[in-house]
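Trainee:
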Amino acid sequence: MTIYLDAIWLLNFLLDWMILLLTQSLVRDNTKSLRIISGAFVASVLVPITLFFPDSFFSSTVGKGLYSLLIIMTAFGFKNIRQFIKKLLSFYFISFALGGGLIALHFMLGKQISASNNGILTFQSGYGDQISWLFVGIGFPIIWWFTKSQMDKQALQNFRNDQLYNVTIQLKGKSFTTIGYVDSGNQLVDPFSKKPVVICDQSFLSHWFTAYDLQLLESAQVNLDFEQIPSEWEDVIHLVPYQGVGGNRTFMIVLKPDKILVNYEDKEISTKNVLIGIQFGDLASDGSYHCLLHPKLFKHSVATSA
């Protein structure tokens, strides 16, 4: 059997490099690229060690565990034990995730690849089975890209979840609860009362308004024909001037609620100093939230609520 060590070494170096890149992304580390490449090189050195010294200490489970410490040390250095362990566990997690994904893809396609107890080597004759080289060369980047995209989406989702809070709005004696999202870009404030404006979408406000009432309100706002506002809502409706995305100045119909409650961490924010703007449509396409909370609401209310 002929083994082309340079080809096997190069393949493992590239795989280790991609694993370390994902590890860096997962732990949000700003290590320079040269260190990541150095770590990948150290990891790939295990290939000739395994081939030339199959009974060496580094071929054992304990040896591999100690060698992984060297890989992380080379790639990321050592700042403190907590961060080091986090990077080490992330390295193992990414390795298992990519390896599992590759095995799953292999099982689904039913293609045969060469492997050993020490990893995927893909050598059978000459440069190995052509299908297995093609499978690893194409399949691994696909699994890598899929894992990376899912990690980015999960990170964004976690960030969004950290900004989501239960919101209860009491209006005209009726209270309903939904999910609100803290939008740092929402800086709309009534220039006269200085009250912040919380935006609620049409689907949530339908608890108070009929579909016909919402049509009248939308028409009144678009056409600036405020005589269309339903008479039973005139006592709680105000107009707030604002500048649209295109730079044009117009008015927004807002509501004055009896009270708004926000469950914020271990506190319950309660305030009347807020206005409710109407979004004629959905704020989130997936329905994950129905209110855009104004940051000023928290700055004002946390200090005055228990």
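If you're matching positions, the sequence shown starts at 202 in our numbering and goes up one per residue.
For glycine and all other residues, C-beta sits at the position ideal for the given N, C-alpha and C.
This structure is a prediction, so every number in the text was calculated from the model and none was measured.
1. Per DSSP, which one or two residues make a beta bridge with Pro397?
2. My understanding is that Ile370 touches Ile477, with C-beta atoms under 8 Å, so please give their C-beta distance in whole angstroms.
3. For Phe294 and Ile461, I'd like the C-alpha separation in whole angstroms.
4. Are the CB atoms of Trp210 and Ser239 nearer to each other than 7 Å?
5. On the DSSP letters alone, give me the boundaries of the beta strand (DSSP E) that Leu484 sits inside.
6. Could you pull the DSSP bridge partners for Pro442 from this structure?
7. Taking buried to mean at least 16 other C-beta atoms within 10 Å of its own C-beta, is Val475 buried or exposed?
8. Helix, strand or coil for Leu425? Go by DSSP, reduced to three states.
9. Span of the alpha helix (DSSP H) holding Gly278?
10. Quick check on the burial criterion: 16 or more other C-beta atoms within 10 angstroms. Buried or exposed for Phe258?
11. Roughly how many whole angstroms lie between the Cα atoms of Leu494 and Gln422?
12. With burial defined as no fewer than 16 other Cβ atoms inside 10 Å of the residue's Cβ, what is the status of Trp346: buried or exposed?
Mentor: Checking against the coordinates, here is how it stands:
1. Pro397 is bridged by DSSP to Val390.
2. Contact holds; Cβ gap of about 7 Å.
3. Distance between the alpha carbons of Phe294 and Ile461 is about 43 Å.
4. Between Trp210 and Ser239, the C-beta spacing is not below 7 Å.
5. Note, Leu484: premise wrong, no beta strand (DSSP E); not H, not E.
6. Paired residues: Phe452.
7. Per the 10 Å Cβ criterion, buried.
8. Coil, per DSSP.
9. Unbroken run through Gly278: none, as it is neither H nor E.
10. Phe258 should be labelled exposed.
11. So the two alpha carbons sit approximately 21 Å from each other.
12. Taking a 10 Å sphere around the C-beta of Trp346, we find fewer than 16 other C-beta atoms and assign the residue as exposed.
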